[in-house]
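Asks:
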Amino acid sequence: MARSTIKRAGRRERLAARKAKGATAAPYALRRIGKASLVDENSIAIIERNADRILDEIGMDFRGDPATLDLFRKHGARVDGERVRLDPGWCRDKIRTAPPVFVQHARNPSRSIQIGGDAQVYAPSFGPPFVHDMENGRRYATIEDFRNITKLHHQLGAVNHSGGVVVEPVDIPVPVRHLHMAHAHLALNDKPFMGAVTAPERARDTIEMCRIAMGRDFVDRNCVLYSVVNTNAPLVMDKTMLLALKEYARAGQCTVVSPFVLGGAMSPVSVAASLSQVLAEVMASVALIQLIRPGAPAAFGTFFSPISLKTGAPTFGTPEGTQFQMCAKTLADRLGLPFHSVGGLTASKVPDAQAGYESQSQLMGAAMAGVNFIIHATGCLEGLLTAGYEKIVMDADRCSAMQRFVQGVDFSEAAQAMDAFFEVEPGGHFLGARHTQDNFETAFWMGQMSDNGTYEQWHAEGALWQHERASARVRQLLEEYEAPAMDAGIREALEDFVARRSREIGGGNA
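Heads up, the sequence shown is in this note's numbering, so the first residue is 1456 and it goes up one at a time.
What follows is the structure, encoded as structure tokens:
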């Protein structure tokens, strides 16, 4: 057989094995270990009391929508202009109707995920305007980058979600950008994804596209979108976020309220004070969701990054960031809400050692805290200004390791391996034991991006650094990508919708 034929056959076998492995991968992780919290009952009481006092005596602004203010007033809130003040306990009473656990349905039912409880979901980074790869360096992102990154996440089994704005495709006009992003998520990846929040009409478009792809009745009865609105800390919900929140709440889709807080600038310079502020903002906003549609899914979100008090720049992988996350998870549990927070953040500009240790520190903290939805788990560079191609596959490896970690230790009869002790004589080895042979493929976690061979083997294979191996893996994944199945009629209807709405908006096509 010719060498080229052998090579093609080997490639087909590897592709088939990868697809088979991906097809059987769990759609999300179920943790079987305890959660790490840094707050005791006394500390929790302090934070909750201070949050109640903030909402009662200071209040929170809900801007640009008189109907929202009327809704608050109707239900007993004290409204003065755009300032809403809430009695202690009022928010908790309203939040009780939010489900503690729910399902976000994917276009492919086998990819649907649980949000809340013991489930842990790992999702891509959100919002970078730049991309970086080792061949072309840093540059503005395009719709081609958006589609490539969506293709990568479709194939990476440790990434449970397609994400949202995985990069900002700056070659697409802003008014129609959301259409092309939602189309990519639906056509190129069959995992769940996030909806647009930059205008109410963009939220409506996203919901309508899901109705086309998944059926109107199904979408109207189930959660298929998971969308993040940020408060404008301190203590403001601006008009853009507020109107998007209302669209998703009315449609019964999940809205995550995630205060975006740079500690020291948008909150006081302490973890304790920042926790009280964030809790106040989340409680008021989730209570509003329940006023709009009782029982609508919602989540307690956080993005907390201390700033450098020397330069004013955000910092990542810090002890305070992880401390905040672990404390906030406890607050979310007490409200009965799923918890959404950050994963592999780094300030590094390239996928180097700094990127590795900062990202792993934050990701490990999220895993230990029991975060239900870990956003920014893959791809972050430059404090979320850049998405790194190589960083995506490197981070996915760490997500896989964290998912194995939270499964806990197997103490089943098979794992006790008593037969192996009787099979192997004292002084022998277990490499040939039946137990080893039966379990060698799954016994220990094995990453795809780490090199565990000898120096001589590594050198003979090209002496590649990890970012070089990651670059090759990215190229391989994109070369071998195949789009998930979609009914031809649905595909055509989605394309027609994007074209029609683009004409109506006046933003063109891509």
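The beta carbon of each residue, even a glycine, is placed where N, CA and C say it ideally should be.
What whole-angstrom Cβ distance do proline 2006 and alanine 1596 have, given they're in contact under 8 Å?
Replies: With the chain running from 1456 to 1965 in the structure shown, residue 2006 is simply not present.
Asks: According to DSSP, which residues form a beta bridge with valine 1726?
Replies: Residue 1726 sits at position 271 when you count from the first residue of the sequence shown. For valine 1726, which the question treats as bridged, DSSP gives no partner whatsoever.
Asks: Verify whether the separation of the beta carbon atoms of leucine 1717 and serine 1760 is less than 7 Å.
Replies: Position 262 of the sequence shown, counted from the first residue, corresponds to residue 1717. Position 305 of the sequence shown, counted from the first residue, corresponds to residue 1760. Result yes, Cβ atoms of leucine 1717 and serine 1760 sit closer than 7 Å.
Asks: Give the DSSP-derived three-state secondary structure of threonine 1479 in the structure shown.
Replies: Residue mapping note: residue 1479 aligns to position 24 of the sequence shown, counting from 1. Here the model assigns threonine 1479 a pLDDT of 42, short of 50, so the residue's position is not dependable and the matter cannot be decided.
Asks: Look at the alpha carbon of valine 1691 and the alpha carbon of valine 1674, and state the distance between them as a whole number of angstroms.
Replies: To locate residue 1691, count along the sequence shown from 1; it is residue 236. To locate residue 1674, count along the sequence shown from 1; it is residue 219. Using only the alpha carbons, I get a separation of about 31 Å.
Asks: Sorted by chain position, which residues of the same chain lie with C-beta nearer than 8 Å to valine 1805's C-beta, five sequence neighbours on each side aside?
Replies: Counted from its first residue, the sequence shown places residue 1805 at position 350. Here the set comprises His1587, Leu1836, Gly1843 and His1922.
Asks: Counting only runs of 4+ residues fully inside the segment 1781-1824, write out the alpha helix (DSSP H) ranges in chain order.
Replies: The segment 1781-1824 contains these whole alpha helix (DSSP H) runs: 1808-1824.
Asks: Using the three-state DSSP reduction, which class does threonine 1710 fall into: helix, strand or coil?
Replies: As a working mapping, residue 1710 is identified with position 255 in the sequence shown. Correct three-state label for threonine 1710: strand.
Asks: What is the DSSP secondary structure of threonine 1653, reduced to helix, strand or coil?
Replies: Against the sequence shown, residue 1653 aligns to sequence position 198. Residue state, collapsed to three classes: coil.
Asks: With a 10 Å radius around its C-beta and 16 neighbouring C-beta atoms as the bar for buried, classify histidine 1969 as buried or exposed.
Replies: What the structure shows of the chain is the stretch from 1456 to 1965, and residue 1969 is not part of that stretch, so it cannot be assessed.
Asks: Starting from serine 1867 and walking both ways along the beta strand (DSSP E), at which residues does that stretch end?
Replies: Reading the sequence shown from its first residue, position 412 is the one you call residue 1867. That residue, serine 1867, is in no beta strand (DSSP E); it is neither H nor E in DSSP.
Asks: Distance, Cα to Cα, glutamine 1912 vs arginine 1924?
Replies: On the sequence shown, residue 1912 is found 457 positions in, with the first residue counted as 1. On the sequence shown, residue 1924 is found 469 positions in, with the first residue counted as 1. Looking at the two C-alpha atoms, the distance is approximately 14 Å.
Asks: Quick check on the DSSP output: what are the complete alpha helix (DSSP H) runs of length 4 or more inside the segment 1857-1930, in order along the chain?
Replies: Qualifying alpha helix (DSSP H) stretches, in chain order: 1868-1871, 1873-1878, 1889-1894 and 1910-1915.
Asks: If you count every other CB in all the chains shown that lies within 10 Å of the CB of tyrosine 1703, and 16 or more means buried, which is it?
Replies: Position 248 of the sequence shown, counting from 1, holds the residue named residue 1703. Classification of tyrosine 1703: buried, given that the 10 Å Cβ count is 16 or more.
Asks: Any idea what DSSP makes of histidine 1587, helix, strand or coil?
Replies: The count along the sequence shown starts at 1 and reaches residue 1587 at position 132. Three-state result, histidine 1587: strand.
Asks: Thinking C-beta only, is isoleucine 1550 closer than 7 Å to valine 1741?
Replies: Residue mapping note: residue 1741 aligns to position 286 of the sequence shown, counting from 1. Residue mapping note: residue 1550 aligns to position 95 of the sequence shown, counting from 1. The answer is yes: Cβ separation under 7 Å.
Asks: Work out the CA separation of threonine 1695 and glycine 1572 for me, nearest whole Å.
Replies: Working through the sequence shown from its first residue, we reach residue 1572 at position 117. Working through the sequence shown from its first residue, we reach residue 1695 at position 240. The alpha-carbon atoms of glycine 1572 and threonine 1695 are separated by roughly 30 Å.
Asks: Should isoleucine 1502 be listed as close to the ligand NAD, given that the test is whether its C-beta is under 6 Å from any heavy atom?
Replies: Among the components modelled here there is no ligand, and therefore nothing to report on the ligand NAD.
Asks: What does the Cβ neighbour count give for phenylalanine 1952, buried or exposed, with the cut at 16 atoms within 10 Å?
Replies: The residue given as residue 1952 occupies position 497 in the sequence shown. So phenylalanine 1952 ends up on the buried side.
Asks: So what does DSSP say about tyrosine 1936, is it helix, strand or coil?
Replies: As a working note, residue 1936 is residue 481 in the sequence shown. Residue state, collapsed to three classes: coil.
Asks: If you reduce the DSSP assignment to three classes, tell me which class arginine 1946 lands in.
Replies: By 1-based counting over the sequence shown, the position of residue 1946 is 491. Here arginine 1946 sits in helix by DSSP.
Asks: Could you check how far apart the C-beta atoms of proline 1554 and glycine 1750 are, in whole angstroms? I think they sit under 8 Å.
Replies: Reading the sequence shown from its first residue, position 99 is the one you call residue 1554. Reading the sequence shown from its first residue, position 295 is the one you call residue 1750. With a Cβ gap of about 7 Å, proline 1554 and glycine 1750 count as contacting.
Asks: If you follow the alpha helix (DSSP H) that arginine 1632 is part of, which residue opens it and which one closes it?
Replies: Walking along the sequence shown from the start, residue 1632 turns up at place 177. Unbroken alpha helix (DSSP H) run through arginine 1632: 1629-1643.
Asks: Identify the continuous alpha helix (DSSP H) that holds serine 1498 and give its terminal residues.
Replies: The residue labelled residue 1498 in the question sits at position 43 within the sequence shown. Its alpha helix (DSSP H) spans residues 1496-1508.
Asks: Check the C-beta distance from histidine 1609 over to leucine 1643 and give it rounded, since I have them as a contact under 8 Å.
Replies: Within the sequence shown, numbered from 1, the residue matching residue 1609 stands at position 154. Within the sequence shown, numbered from 1, the residue matching residue 1643 stands at position 188. Contact flag correct, Cβ pair sits at about 6 Å.
Asks: Near histidine 1890, which residues of its chain fall below 7 Å by C-beta distance, leaving aside the five closest residues on each side in sequence?
Replies: Stepping through the sequence shown from its first residue, residue 1890 is reached at position 435. Correct list, in chain order: Ala1872, Asp1874 and Ala1875.
Asks: Quick check on the DSSP output: what are the complete beta strand (DSSP E) runs of length 3 or more inside the segment 1661-1693, in order along the chain?
Replies: Taking only runs of at least 3 residues, the beta strand (DSSP E) segments lying wholly in the segment 1661-1693 are 1681-1684.
Asks: For the putative contact between glutamine 1559 and tyrosine 1681, defined by C-beta atoms under 8 Å, what is the C-beta separation to the nearest angstrom?
Replies: Within the sequence shown, residue 1559 is the residue found at index 104, counting from 1. Within the sequence shown, residue 1681 is the residue found at index 226, counting from 1. Right, their Cβ atoms sit about 5 Å apart.
Asks: I need the DSSP call for serine 1617, collapsed to helix, strand or coil.
Replies: The residue labelled residue 1617 in the question sits at position 162 within the sequence shown. Correct three-state label for serine 1617: coil.
Asks: Using the Cβ count rule (16 or more neighbours within 10 Å means buried), how would you classify threonine 1479?
Replies: Residue numbering aside, residue 1479 sits at position 24 when the sequence shown is read from its first letter. Per-residue confidence for threonine 1479 stands at a pLDDT of 42, beneath the threshold of 50, marking its modelled position as unreliable; no derived number is given.
Asks: Quick one, are the C-beta atoms of proline 1543 and aspartate 1507 less than 7 Å apart?
Replies: Counting from 1 along the sequence shown, the entry for residue 1543 is found at position 88. Counting from 1 along the sequence shown, the entry for residue 1507 is found at position 52. Yes, the pair counts as a contact, with Cβ atoms nearer than the cut-off.
Asks: Buried or exposed: which applies to phenylalanine 1585, given that a residue is buried once 16 or more other Cβ atoms fall within 10 Å of its Cβ?
Replies: If you number the sequence shown from 1, residue 1585 lands on position 130. Looking at its Cβ environment, which holds 16 or more other Cβ atoms inside 10 Å, phenylalanine 1585 is buried.
Asks: Look at serine 1713 and asparagine 1687 and say whether their C-beta atoms are less than 7 Å apart.
Replies: For this step, residue 1713 is matched to residue 258 along the sequence shown. For this step, residue 1687 is matched to residue 232 along the sequence shown. No, the Cβ-Cβ distance between serine 1713 and asparagine 1687 is not below 7 Å.
Asks: Output the boundary residues of the alpha helix (DSSP H) element that contains proline 1521.
Replies: Residue numbering aside, residue 1521 sits at position 66 when the sequence shown is read from its first letter. Unbroken alpha helix (DSSP H) run through proline 1521: 1521-1529.
Asks: Pairing CB atoms from the segment 1894-1902 with CB atoms from the segment 1848-1862, are three or more of them under 8 Å?
Replies: Taking 8 Å as the limit for Cβ pairs, the verdict is that the segment 1848-1862 does touch the segment 1894-1902.
Asks: Would DSSP call methionine 1515 helix, strand or coil?
Replies: Counted from its first residue, the sequence shown places residue 1515 at position 60. Residue state, collapsed to three classes: strand.
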